[in-house]
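Chemist:
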Amino acid sequence: MHMLRRDKKEEEDGGGNPFHNIEKSSVLQEARTFNESPINPRKCAHILTKVLYLINQGEQIGTTEATEAFFAMTKLFQAKDPILRRLVYLGIKEMSKIAQDVIIVTSSLMKDMTGREDQFRGPAIRALCSITDTTMLQSIERYMKQAIVDKVNAVSSAALVSSLHLSKCSQDVTKRWVNEAQEAVSSDNIMVQYHALGLLYHIRKYDRLAVTKLVTKFSKHSLKSPYAYCLLVRLCYCLLEILCFVYFIRTDSPMFDFIENCLRHKSEIVIYEAAHAIVNLKNTSAKELASAVPVLQLFCSSAKPTLRFAAIRTLNKVAMKHPAAVTACNLELENLITDSNRSIATLAITTLLKTGSESSIDRLMKQISSFMNEISDEFKIVVIQAIQSLCSKFPRKHPVLMNFLSSVLRDEGGFEYKKAIVDSIITIIEDNPEAKEAGLAHLCEFIEDCEHTVLATKILHLLGREGPRTPTPSKYIRFIYNRVILENAAVRAATVTALAKFGAHCEELLPSCIVLLERCLLDTDDEVRDRATFYVQTLKQQQKSLKSTYILNGLQVSVVGLERALHHYTMEPTETPFDVKSVPLETAPITDSKQVREPGEAGGQKTEKVAASRQDIYAEQLSSIPEFANLGNLFKSSSLPVQLTESETEYVVQCVKHTFSHYIVFQFDCSNTLNDQVLENVTVHMEPADGFQVLKCVPCASLPYNKPGTTYTLVHLPEDPTLVTGTFSCTLKFIVKDCDPNTGEPDDEGYEDEYVLEDVEVSVADHVQRVMKPNFGVSWEEVGLENELEDTYALSTMKTLEEAVQNIIKFMGMQPCERSDKVPEGKSSHTLYLAGVYRGGHDGLVRAKLALSDAGVTMQLTVRSTDPDVSEVMATAIG
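Reminder that position 129 of the sequence shown reads as 119 in this note's numbering, one-by-one numbering, no gaps.
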């Protein structure tokens, strides 16, 4: 008993692994024992186990070391010990990947493969196939065929699985084993039947007709293996997806009938596989789900945790798209809330939150309250996200849901958990105006005891943006100013900015805010003092334009672009003051490196400047080309390239438009998909629209096979400021040279050729850069009535407000403000606010009042801008 207790303690202390201290060099030294005679099976088995342990732990063994150990290991075939022999087979399989001349053991393995010891034959087949290459395969083909139909199930299964691995490199040889595989399908052993069916599928998987015949044949026969049935269900699922995509056939297919019949199979694994296949079919209808959901509902009451987990996880996915179909399972789901398995309980809660009705929310919240303390933060975050979705679904229940989020916000939890709650409350506030005051009140309480700087600054930023626009903004001042007294420098700096926004927006609070900000002038932190000084001086000027530009809306310029412009300004002495309008506007950071290439790159390479925006990368790329060095600052680059050819054509071309103050540069990214041709001097010839003038082309010197290249075309914009749109017909022109597909070297001098591309359109959106105006009302009043234009349009082709909003944003190319791009459900009227900066640095604001009618959507469009020509251009963008 004393020894048992000691072993137990060693295991708890991590000393239960006898190999955790072994070294590679000493083990390989011990492996020389394999050469000794006579062989000590027990000792050799222990050493070989160490070698296998090292390999499986990822230890790097050199080729020479592995070869020496492998040849020493082959001497162990002289021993008849069954344990040692099985270890030798494992060693051969593992070391065949790193040792040389492993083919030396082929004769020994074939001897065991055809021997009388059944316990050796299966592992010998697996080991033999791991060292067999395509040149040797025909020599063992006869033995493999015999092994596939062997009466010993382990041998037959080993041969089938090995054949499956061999088919990946020698498909032509394994195709000749179809008859033996079909005979093995009729085996009484469930694993042999499953492996045989899998081999038949992999032999025929590139022939869809053959796979269809295979599935049709065996779906009509009674298979004994539940694993084989699962494979058939998966094959039927794949074929149904193809039928639905190509021929729009599904429920009338016999394959769907087979899957439905499997729902009544005696094996639970087959039943679940069939239900899982039905619910995962694309565009699943309610009628199709009606057969699968009751089966999953039944599994929710199973005594087996694995079945309960599988069923609830699948129902959770169904609830995302078809919550009504899962509503019938709510009783079973509520019973699972108290399940001892916390994963099952969490899935049950989140599923109920997606399927529950508005009347059941109060009861659900009570159940969740007792449940939250028993799960980890990871599961809590899942529940919080589900509650956020529920609040979007039932906005009238926001008081109950918000109170719940507030209560859990005060509980113990890590940063990620707290961040998920705060993000959910902020999202609810943004989506539901009625929840704004309650949400801000809960967040104000939270920052009183918040220990996370990131969350505190985020909430203060929200208070500064939303607080001044509430009916009683003064009640938030106390919570904000407390942060100046109690918090660290980063939070104090955010507090100063929030106070300044209250002062800028609310005239009645301005004197109080100035007094509070003046108290921050003696703060110990530089940034807090600088912010306070700047805001105090700005607020005391009592100018709306200063408040809007520097406090409420802020600068919208690119930091990288500002740095570059300031550096350029200091390098060239001039008496002209620096104009911030010359700085490129802030755009989204790079998210897809494939869309931007550095000069000289072949394409698809990740740029190192991941912190820069897409436009910053393009600006640097264009400035490095001599022909474009004097065009000025890049104003805008189109966010997505325009495809000018089909992806399957011999030449693939896409276009990116770069807009400057007086020019547009068209960047054409080209690819040559013909391996027997090289294109040289590649350009795109553009027929200019009215008023536009094509100035020059920058050719792509060479375009080899499958190596993208770029050519540019420079176009001067029309002198008429109101003429900004046009359509360009494009033709790809080049010199084509035939070449050797293997070397890529041209065979002749080539000849001129051309390829017609799709037209390229320049729209109003290409001249407008999106900017966010956090306080649209202030900006609207600031621009004023001087250049206002108003018109009414009948959008007869648009049947919903949502469609109209998205199309207006697309045509204008402007940024929606005040979350006006989201149309509340059930509304027949809506107002869309858009903001942007027109080429040349002119602010543009749009207010579109939309009303739904029987004839479509009616729109009253009002445009304000700092330039009359810009107002005219924007007012005619929709027409």
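Ideal Cβ positions, reconstructed from N, Cα and C, are used throughout, including at glycine.
How long is the line joining the alpha carbons of Leu74 and Ala335, rounded to whole angstroms?
Modeler: 47 Å
Chemist: So does the region 746 to 754 actually touch the region 692 to 701, counting three or more Cβ pairs closer than 8 Å?
Modeler: no
Chemist: Leaving out five residues before and five after Thr164 in sequence, what residues of the same chain have Cβ atoms less than 7 Å from its Cβ?
Modeler: Ser153, Leu156, Ser157, Ile193
Chemist: How many angstroms separate the CA atom of Asn393 from the CA atom of Lys409?
Modeler: 17 Å
Chemist: For Glu517 and Ile868, what's the separation of their Cα atoms in angstroms?
Modeler: When rounded, the distance between both Cα atoms is 46 Å.
Chemist: Specify, as a first and last residue, the run of the beta strand (DSSP E) that Met676 falls within.
Modeler: Per DSSP, Met676 belongs to the beta strand (DSSP E) from 667 to 677.
Chemist: From Ile377 to Lys387, what distance separates their C-alpha atoms?
Modeler: 11 Å
Chemist: Assess, as a yes-or-no matter, whether the region 611 to 619 is touched by the region 662 to 677 under the definition of 3 or more beta carbon pairs within less than 8 Å.
Modeler: no
Chemist: Mapping the DSSP letters down to three states, classify Asp123 as helix, strand or coil.
Modeler: coil
Chemist: Quick check on Tyr828: does DSSP put it in helix, strand or coil?
Modeler: strand
Chemist: In whole angstroms, what separates the C-alpha of Glu588 from that of Ile88?
Modeler: In this prediction, Glu588 scores a pLDDT of 36, lower than 50, which makes its location untrustworthy; the coordinate-derived value is nonetheless stated afterwards. Those two C-alpha atoms are separated by around 40 Å.
Chemist: Pull up the DSSP beta-bridge partners for Gly936, would you.
Modeler: The structure shown does not extend to residue 936, since the chain is modelled only from -9 through 869, so no value can be given for it.
Chemist: If Val758 and Met788 are in contact, beta carbons under 8 Å, what's the gap, nearest whole angstrom?
Modeler: The Cβ separation is near 21 Å, so there is no contact.
Chemist: Ends of the alpha helix (DSSP H) at Gln357?
Modeler: 351 to 362
Chemist: Output the residue ranges of the alpha helix (DSSP H) runs that lie fully inside the region 364 to 393 and measure 4 residues or longer, sorted by chain position.
Modeler: Within the region 364 to 393, the complete alpha helix (DSSP H) runs of at least 4 residues are 367 to 383.
Chemist: Indicate whether the contact test is met: 3 or more Cβ pairs, each with one atom in the region 646 to 660 and one in the region 617 to 627, closer than 8 Å.
Modeler: yes
Chemist: Return the residue from the list Ile37, Gln683, Ser333, Cys226 that minimises the CA-CA distance to Leu297.
Modeler: Ser333
Chemist: Please give the ranges of any beta strand (DSSP E) in the region 735 to 797, keeping only runs that are unbroken, at least 3 residues long and fully inside the region.
Modeler: 741 to 746, 750 to 752, 758 to 760, 779 to 785
Chemist: Near Arg809, what residues of its chain come up, given a Cβ to Cβ distance below 6 Å and the 5 sequence neighbours on each side ignored?
Modeler: Glu420
Chemist: Where are the alpha helix (DSSP H) runs, 4 residues long or more, that stay fully inside the region 488 to 533, in chain order?
Modeler: Whole alpha helix (DSSP H) segments, 4+ residues: 500 to 508, 516 to 530.
Chemist: At what residues does the beta strand (DSSP E) containing Lys647 begin and finish?
Modeler: 641 to 649
Chemist: Give the straight-line distance between the Cα atoms of Ala171 and Glu107, rounded to the nearest whole angstrom.
Modeler: 23 Å
Chemist: Suppose you measure from the CA of Ile121 to the CA of Ser160; what does that come to, to the nearest Å?
Modeler: 14 Å
Chemist: Would you give the residue range spanned by the alpha helix (DSSP H) that Asn143 belongs to?
Modeler: 143 to 156
Chemist: Quick test of the definition: if touching needs 3 or more C-beta pairs under 8 Å, does the region 822 to 837 touch the region 679 to 690?
Modeler: no
Chemist: Please classify Ser177 as buried or exposed, where buried requires at least 16 neighbouring CB atoms within 10 angstroms.
Modeler: buried
Chemist: Compute the Euclidean distance between the alpha carbons of Ala592 and Met85, then round it to the nearest angstrom.
Modeler: Annotation note: pLDDT 32 at Ala592 (below 50); position unreliable, coordinate value reported separately. C-alpha separation (whole angstroms): 39 Å.
Chemist: Considering Cα atoms alone, identify which of Gly774, Lys14, Val714 is closest to Thr866.
Modeler: Val714
Chemist: On the criterion of 16 or more Cβ atoms from any shown chain inside 10 Å, does Asp781 qualify as buried, or is it exposed?
Modeler: exposed
Chemist: Residue range of the alpha helix (DSSP H) that Arg854 falls in?
Modeler: Arg854 -> not in any alpha helix (DSSP H); beta strand (DSSP E) instead, spanning 846 to 855.
Chemist: What whole-angstrom Cβ distance do Tyr191 and Leu204 have, given they're in contact under 8 Å?
Modeler: 7 Å
Chemist: Roughly how many angstroms lie between the CA atoms of Pro295 and Val373, to the nearest whole one?
Modeler: 21 Å
Chemist: For the region 71 to 97, which segments carrying the alpha helix (DSSP H) assignment without a break, of at least 4 residues, lie completely within its bounds, in sequence order?
Modeler: 72 to 85
Chemist: Would you kindly report the start and end of the unbroken beta strand (DSSP E) that includes Ala425?
Modeler: Unbroken run through Ala425: none, as it is neither H nor E.
Chemist: Please list the segments of the beta strand (DSSP E) lying wholly inside the region 285 to 344, counting only runs of 3 or more residues, in order along the chain.
Modeler: none
Chemist: For a quick check, are the C-beta atoms of Ile470 and Leu450 less than 8 Å apart?
Modeler: yes
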